[in-house]
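Encoded as structure tokens, the structure appears first; notes follow it.
Protein chains: 2
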Amino acid sequence: MYKILIIEDDKDINNMLKQLLETNHYQVLQAFSGTEGVLVHNGNVSLILLDLMLPGKNGEEILTELLNKYQVPIIVMSAIHEVDKKVDLFELGADDYITKPFDNKELLARIKLALKHQNGKENKSIISFKDILINKLDYTVTCNGKLLNLTKQEFELLKTLLENPTRVFTKSMLFELVWKDEFVDDNTLNVHISKIRNKLKECNQEEDYIETVWSIGYKMKN
Amino acid sequence: MYKILIIEDDKDINNMLKQLLETNHYQVLQAFSGTEGVLVHNGNVSLILLDLMLPGKNGEEILTELLNKYQVPIIVMSAIHEVDKKVDLFELGADDYITKPFDNKELLARIKLALKHQNGKENKSIISFKDILINKLDYTVTCNGKLLNLTKQEFELLKTLLENPTRVFTKSMLFELVWKDEFVDDNTLNVHISKIRNKLKECNQEEDYIETVWSIGYKMKN
DNA sequence: AAAAGTGTTAAAAAAGTCTTAACCCAATTC
DNA sequence: GAATTGGGTTAAGACTTTTTTAACACTTTT
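If you read the protein sequences in the order shown, they are chains A and B. Mind the numbering: the first sequence is residues 1 to 222 in this note's numbering, read in order. Mind the numbering: the second sequence is residues 1001 to 1222 in this note's numbering, read in order.
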């Protein structure tokens, strides 16, 4: 059973949505402002429907606030058709965008899709692998009990690998995931991997953590 | 580097899309009909842009055909606004739907999003043949339960043969599929086949996997 | 038996990786 | 506002692994 949080200031629309979702076997939480939405969120929500035009804080702020705190797909609803707006929201991490007025069936389809995407994804805020512990909320990493001091890129890279520790990440995937659209030299990746390996080795000489997959990319070892 | 397949019958739009994607650092494959799209797909495509209104087979058929064969996100483009259509397509497995005319920036954003979704997925693209298991995502191959260590070319070659295990691959086909445009000596293929056979034999002495078809090429045995 | 095609091996060539150090840029400090 | 600091990137060279070439033995076909 999925729990969906509706953040929408218009009481009628909010209630209508609640009813729609409940008849389609979702559990529903309601909030009527952005700040309330952040408060109501109990960490146990599968998906958020976020109306953009909220009183008080603007939608973008709420979106980033929610995404920083929880890893939940967010579908943004809005009457605004402007493309730059949409692109911005995707950039910020929205999972989908639907313009009002929308058809209920389409909304349901997009909700289903977003939940499908979410499945199989690691979304806990603390990940562990061997004796590595990585906390996505406060950007700390410990290994063998010792805190290691990773830079932002190093952290992103290690986090990415640890989110699917069995999987091989091709170099282009890592560039996509860590460097987004920036185009940097191939070697940059090597250098960062090298630095991470050194820092990990400082904490635990015995273990080998990152494995090179020749001419493909990297993965976590074993 | 992601490869995107465009299936769109309107030559101008197709070319425009190609240019747009290429300037945004994607590799592009073009097809101008659904059937061509299915043919052109070489199993190495990261995402498909599918126009709905195609001559010949309809979009839905193409969509299911492509999804059955490959696990690739498909973004459907169409001028049709009808909601039931959209819902149907989502139901069939489309990853997103964008109505024409669309803004280039929005398209790029949705492509990025679809690729992001795909990356986090534990998409089980595993092929099996006799006691060989090959995982296209992890680049791992096991035979008789033992993991074998193939190099990239060896992996590509075996993967190619296993994707159609009943079919005979001529040498020029294999060169085309594994070496693309590079021109290498005929013997290179023999050497690689020999190495693969050895590695397979190490794992299972009893079986013979790759069959030589004299003066033609190779195929999987039996 | 000759010709054409294939298999295997070892060595050369190419491709990919690792590491160190230097450079650049932006933020912070003095 | 110049100097310092720190992260991020690039460049260079040493190193490793993979791929290709080449030579020769072997097999199949004619």
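Every residue, glycine too, gets a C-beta built ideally from N, C-alpha and C. A quick note: this is a predicted structure, and the numbers were derived from the prediction, not measured.
Closest by C-alpha distance to residue 1013/B, out of 1100/B, 1044/B, 1038/B, is 1100/B. Contact between residue 1048/B and residue 1066/B holds: CB atoms are separated by about 6 Å, below the 8 Å threshold. Taking a beta-carbon distance threshold of 8 Å, residue 20/A does not count as an interface residue toward chain B.
The segment 60-106 of chain A contains, as complete alpha helix (DSSP H) runs of 4+ residues, the segments 83-92 (chain order).
Per DSSP, the unbroken alpha helix (DSSP H) holding residue 36/A starts and ends at 34-40. For residue 1025/B, the nearest beta carbon of chain A is closer than 8 Å to its own beta carbon. Boundaries of the beta strand (DSSP E) harbouring residue 142/A: 140-143, taken from the DSSP string. If you draw a straight line from the Cα of residue 1159/B to the Cα of residue 1132/B, it is about 11 Å long. Interface flag for residue 31/A against chain B is unset, since no Cβ pair is found closer than 8 Å. For residue 165/A, the CB contacts under 7 Å within the same chain, skipping 5 residues up- and downstream, are 129, 220 in chain order. Counting C-beta pairs with one atom in each stretch, the segment 1141-1156 of chain B and the segment 1179-1197 of chain B have three or more that are closer than 8 Å, which means they touch.
Within chain A, the residues whose beta carbon sits less than 8 Å from that of residue 1117/B are 117, listed in sequence order.
Contact check for residue 1087/B against residue 105/A passes: the beta carbons are separated by less than 8 Å. Residue 206/A and residue 143/A have their alpha carbons spaced roughly 12 Å apart. Assignment of residue 1024/B by DSSP, reduced to helix, strand and coil, places it in the coil class.
Secondary structure at residue 148/A: strand, using DSSP grouped into helix, strand and coil.
Neighbours of residue 1166/B in chain A, taken as residues at a C-beta separation under 8 Å, are lacking, since the least C-beta distance is about 28 Å. Around residue 109/A, the beta-carbon contacts reaching into chain B at under 8 Å are 1086, 1087, 1090, 1091. Annotation for residue 1193/B: the continuous alpha helix (DSSP H) segment containing it runs 1186-1203.
Each residue's CA atom was taken as its position, placing residue 115/A and residue 25/A some 14 Å apart. Counting along the chain, no beta strand (DSSP E) covers residue 1215/B, and no H or E run does either. Within a 10 Å sphere around the beta-carbon of residue 167/A sit 16 or more other beta-carbons, which makes this residue buried. Straight-line measurement puts the Cα of residue 1197/B at about 7 Å from the Cα of residue 1209/B. Between the alpha carbons of residue 1018/B and residue 1162/B lies a distance of about 31 Å.
Under DSSP, no beta-bridge partner is assigned to residue 46/A.
The three-state reading of DSSP puts residue 180/A in coil, since its state is none of H, G, I, E or B.
With respect to the C-alpha of residue 1204/B, the residue from 1147/B, 1170/B, 1083/B, 1218/B having the closest C-alpha is 1147/B. For the options 199/A, 188/A, 201/A, 202/A, the alpha carbon positioned closest to that of residue 217/A is the one of 188/A. As a beta-bridge residue in DSSP terms, residue 1051/B pairs with 1077/B. In this model, residue 1074/B and residue 1136/B are separated by some 19 Å (Cα to Cα).
Taking C-beta atoms as the reference points, residue 1095/B and residue 1078/B fail to come closer than 8 Å.
Taking 7 Å as the cut-off between beta carbons, none of the residues of the segment 1206-1217 of chain B comes near chain A.
Counting every other CB atom within 10 Å of its CB across the protein chains shown gives residue 102/A a total below 16, marking it as exposed.
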